[in-house]
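Worksheet: one structure, shown below.
Residue numbers (the working numbering): 863 to 1317.
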């Protein structure tokens, strides 16, 4: 078996293998099942013994998340005696698109086809805090008229958002979140993983046509992974590590490297072994001869001009990430209700103010940072009142940011209306910013900003 050969070879070079990672392809499931059957702990946990080492196996988390989303497209999910349904996500999208646009959902999220069905980002943006809190906001502010039966779905999206954070951890570019953190001795992960193992064992999908109950492999894979993470933490602690970075436990690097190698194999659709080896060699040469991306080294310019003269240079290079361009998505859903339809509420209603109010909160924080938290500016731009404008903001983890005053939100809405109305008349001009400022001056006298120091 290739896996045992690699682990044994690495051990001969004094490199210890802690865990292996793969997707849930039939071949991979069969190989891991054989290895687990040869180990006592493998009867209950994803653990096997190879070359005298205890090796823990993880199913690639991005694949599991995509598979849960794909199952939700064709089946309803029964969890905690509640039913999560994909139709509620579609209904929320149509309302959101027509009223205030507080989420990132598009047609590609709701009806993924082709490459979009394989794109992890599209699945994660559905299983997100913004989608969950957005659905709850629509339901609450409409008095239950909109999304009347969608609260279980909204809660499920929030649950998946927390679960994703708890198993993938943060990257360098992620915004900070409470549950998006690395694993430590005192972090919440340990109790949460045990809690979710019990919950996931109760999840059942119900097919929309026929009503058949089934538990797909991705659910069993998630349960295995939560158990595996506990084993990994204990092993890393034995090796002297105090922090475990969960974002490193995936097969993205291998997939990106294989994707680049296939691009150098002619058509790349079905390369032979010889073609793939040739592609890997070409890729290695290209990687070490091309300039490094985002290098911090002071002599990076000199390094980019040197020729390959040492094998250690090849082994020390890092393969740059490949960013695939997404194919354009053809709309397959009925468009949302427009501004002229009866279901859309009148201008400046509570629902329409949620998105602008959240944007104004960010704008307000940046302005106050620039004026060094001037007391007069703070009093003019913010408010202590808990009005309905801040319902969506209060549901999110960044609810500690300043609450913008109604005058600022009104200015945003009025300016937006004027810009949309006259966009074609000035969008082509070289200084669009000046035109926007002019529109702001037309809709508001700014008499409520009375700070003499920052006029």
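Backbone N, C-alpha and C define an ideal beta-carbon position, used for all residues, glycine too. Model, not experiment: these values are computed from the prediction.
Exercise for review: Following the continuous alpha helix (DSSP H) through residue 1337, name the residue where it begins and the one where it ends.
Suggested key: Beyond the ends of the chain as shown, which are 863 and 1317, falls residue 1337; an answer cannot be given.
Review point. Among residues of its own chain, excluding the 5 on either side of residue 1009, which ones have a beta-carbon nearer than 8 Å to its beta-carbon?
Key: Counting only residues of its own chain and dropping the five nearest sequence neighbours on each side, residue 1009 has a CB closer than 8 Å to the CB of 950, 953, 954, 957, 997, 1000, 1001 and 1016.
**Study point:** DSSP-derived helix/strand/coil call for residue 881
**Key:** Residue 881 falls in the strand class under three-state DSSP.
Exercise for review: Kindly confirm or deny that the segment 875–895 and the segment 905–925 touch, where touching means at least three C-beta pairs closer than 8 Å.
Suggested key: Yes, since at least three Cβ pairs between the segment 875–895 and the segment 905–925 fall closer than 8 Å, the two stretches touch.
Point to revise | Cβ-Cβ distance between residue 1024 and residue 992 below 8 Å | key: Contact flag unset, no.
Point to revise | Which listed residue (894, 1275 and 893) has its alpha carbon closest to that of residue 961 | key: Selected option, being the one with the closest Cα: 1275.
Review point. Residue 1081 to residue 930, Cα distance in whole Å?
Key: Residue 1081 and residue 930: Cα-Cα distance of roughly 8 Å.
**Study point:** Element boundaries [alpha helix (DSSP H), containing residue 1018]
**Key:** Residue 1018 -> alpha helix (DSSP H) spans 1013–1030.
Review point. Taking residue 864 as the reference, which of 937, 939, 893 and 1105 has the closest Cα?
Key: Among 937, 939, 893 and 1105, the Cα nearest to that of residue 864 is on 893.
Review point. So, helix, strand or coil for residue 919, using DSSP?
Key: Taken through DSSP and simplified to helix, strand or coil, residue 919 comes out as strand.
Review point. Can at least three beta-carbon pairs, one atom from the segment 1289–1297 and one from the segment 1212–1220, be found at a separation below 8 Å?
Key: Contact fails: fewer than three Cβ-Cβ distances are below 8 Å.
Review point. By how many angstroms is the C-alpha of residue 1267 removed from the C-alpha of residue 1285?
Key: Residue 1285 and residue 1267: Cα-Cα distance of roughly 27 Å.
Check your understanding: Under the rule that 16 or more other beta-carbon atoms within 10 Å means buried, what is residue 971, buried or exposed?
Key -> By the neighbour-count rule (16 or more Cβ atoms within 10 Å), residue 971 is buried.
**Study point:** For residue 1075, three-class secondary structure by DSSP
**Key:** Looking at residue 1075 - three-state DSSP - the assignment turns out to be strand.
Check your understanding: Residue ranges of each alpha helix (DSSP H) run of no fewer than 4 residues wholly in the segment 1225–1273, ordered along the chain?
Key -> As far as the segment 1225–1273 is concerned, its whole alpha helix (DSSP H) runs of at least 4 residues are 1237–1243 and 1253–1257.
Practice item. Measuring alpha carbon to alpha carbon, tell me which of 1312, 935 and 1282 ends up nearest residue 1240. Key: For the residues 1312, 935 and 1282, the minimum Cα distance to residue 1240 belongs to 1312.
Exercise for review: Indicate whether residue 1253 and residue 1003 have their beta-carbon atoms separated by less than 8 Å.
Suggested key: Yes; because the gap between Cβ atoms is below 8 Å, this pair is in contact.
Point to revise | 7 Å CB neighbourhood of residue 995 in its chain, flanking five on each side removed | key: Here the set comprises 1254, 1257 and 1258.
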